[in-house]
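**Q**
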Amino acid sequence: MPAEVDGRIRQVAEWLRESAATVVLTGAGISTESGIPDFRGPNGLWTRNPGAEKAATLQNYLADRELRIRTWRGRAEGGLWTDAEPNAGHFALAELERKGKLELLVTQNIDSLHLKAGNSLGRMVEIHGNLREYVCMGCGERGPIERVLERVRAGEDDPPCRRCGGILKSATISFGQNLVAEDYARSERAAARCELFLAIGTSLTVYPVAYLPEVALRNGARLVIINAQETPYDELAHAVIREPIGEVLPAIVALV
Ligand code: NAD
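According to the working numbering, the stretch in the sequence shown is residues 4 to 259, in order.
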């Protein structure tokens, strides 16, 4: 690591040691080193296939049975990243929690890798939901997604809810879908009270999550961005590190 980056790593570690409340926001960039592509990075799903954004929009999912059939088929054939393993970046954040230095981890990721790495749900908000569960868009019933996948593998191409006949969807927040109000409120409260806010592997362009750094800054917190590409907050940040997360985060947490 260049000396200048080394200096910033030491500085962020010092801020972490001093901070009585640290909030970490993660995005797809922390999982690329686990083999899961992000959306907007150079090899991102949408960078390569701009049409894919449509498929992730709630209104299209509800209106288009063919789209649901394709989605369930892809998931039943292994499109849920269940084989992906946490990488050094995820493990560093689990270590930060063990060291008692993590107030709240807000993740935009739906891949459950923070959970697999050892962070607890009690200190985590999966603000865009998760792929472990399904939810019925009619009656709100939830359960393990594997139950729906078994039905797909057994021949149902778009399995309806067994209780109300409604449309089933993964328990993720699609575009055009509201966040779970309590999840956002909890994240916003933590951002407003924190002394240090780390934004890691996120382009900070998906709202309302992208307001959180602003909430933290407005309340006097320090803002640190660890992301390979520029973000709209770089000029406001107290430190920006544009190096691979899997190298930078373990180096920082080792000093805390
Ligand atoms: P994004 O794709 O908009 O941005 C990811 C950022 O991470 C990019 O700016 C990229 O330069 C950076 N990055 C990628 N790999 C990196 C690395 N190894 N080191 C440093 N930087 C790296 O992601 P976003 O801001 O999270 O928004 C995308 C939305 O899509 C999220 O809301 C999320 O819900 C969803 N999503 C989730 C997953 C997942 O669960 N793993 C994957 C793709 C998309």
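Positions of the beta carbon are idealized from the N, C-alpha and C atoms, including for glycine.
Using the beta-carbon count (16 or more within 10 Å), is K264 buried or exposed?
**A** Shown here, the chain extends from 4 to 259; a query on residue 264 therefore has no answer.
**Q** With a Cβ-Cβ cutoff of 8 Å, do I170 and L65 count as a contact?
**A** In the sequence shown, the residue the question calls residue 170 occupies position 167. In the sequence shown, the residue the question calls residue 65 occupies position 62. For I170 and L65, yes; Cβs fall inside 8 Å.
**Q** From E36 to A58, what distance separates their C-alpha atoms?
**A** The residue given as residue 36 occupies position 33 in the sequence shown. The residue given as residue 58 occupies position 55 in the sequence shown. Each residue's Cα considered, the two are about 24 Å apart.
**Q** Counting C-beta neighbours from all protein chains within 10 Å, is the total for T29 16 or more, i.e. buried, or is it exposed?
**A** Locating residue 29 in the sequence shown gives position 26, counting from the first residue. Flag for T29 reads buried.
**Q** Across which residues does DSSP place E88 in a beta bridge pair?
**A** Walking along the sequence shown from the start, residue 88 turns up at place 85. For E88, which the question treats as bridged, DSSP gives no partner whatsoever.
**Q** Return no unless some Cβ of chain B is closer than 8 Å to the Cβ of M4.
**A** Although the question refers to chain B, the structure presented lacks it and comprises just one protein chain.
**Q** Does the beta-carbon distance from E106 to C197 come in below 8 Å?
**A** Counted from its first residue, the sequence shown places residue 106 at position 103. Counted from its first residue, the sequence shown places residue 197 at position 194. Yes, they are a contact pair.
**Q** How many whole angstroms separate the CB atoms of L61 and Q180, which I take to be in contact at a CB cut-off of 8 Å?
**A** As a working note, residue 61 is residue 58 in the sequence shown. As a working note, residue 180 is residue 177 in the sequence shown. Going by Cβ atoms, the distance from L61 to Q180 rounds to 4 Å, so yes, they are a contact pair.
**Q** Could you check which residue in K172, R245, G125, E238 has the C-alpha nearest to that of D67?
**A** For the purposes of this step, residue 67 is taken as the residue at position 64 of the sequence shown. Comparing Cα-Cα distances from D67 to each of K172, R245, G125, E238, the minimum goes to K172.
**Q** Less than 8 Å separating the beta-carbons of L207 and T175?
**A** Taking the first residue of the sequence shown as 1, we reach residue 207 at position 204. Taking the first residue of the sequence shown as 1, we reach residue 175 at position 172. For the 8 Å CB-CB criterion, L207 and T175 do not form a contact.
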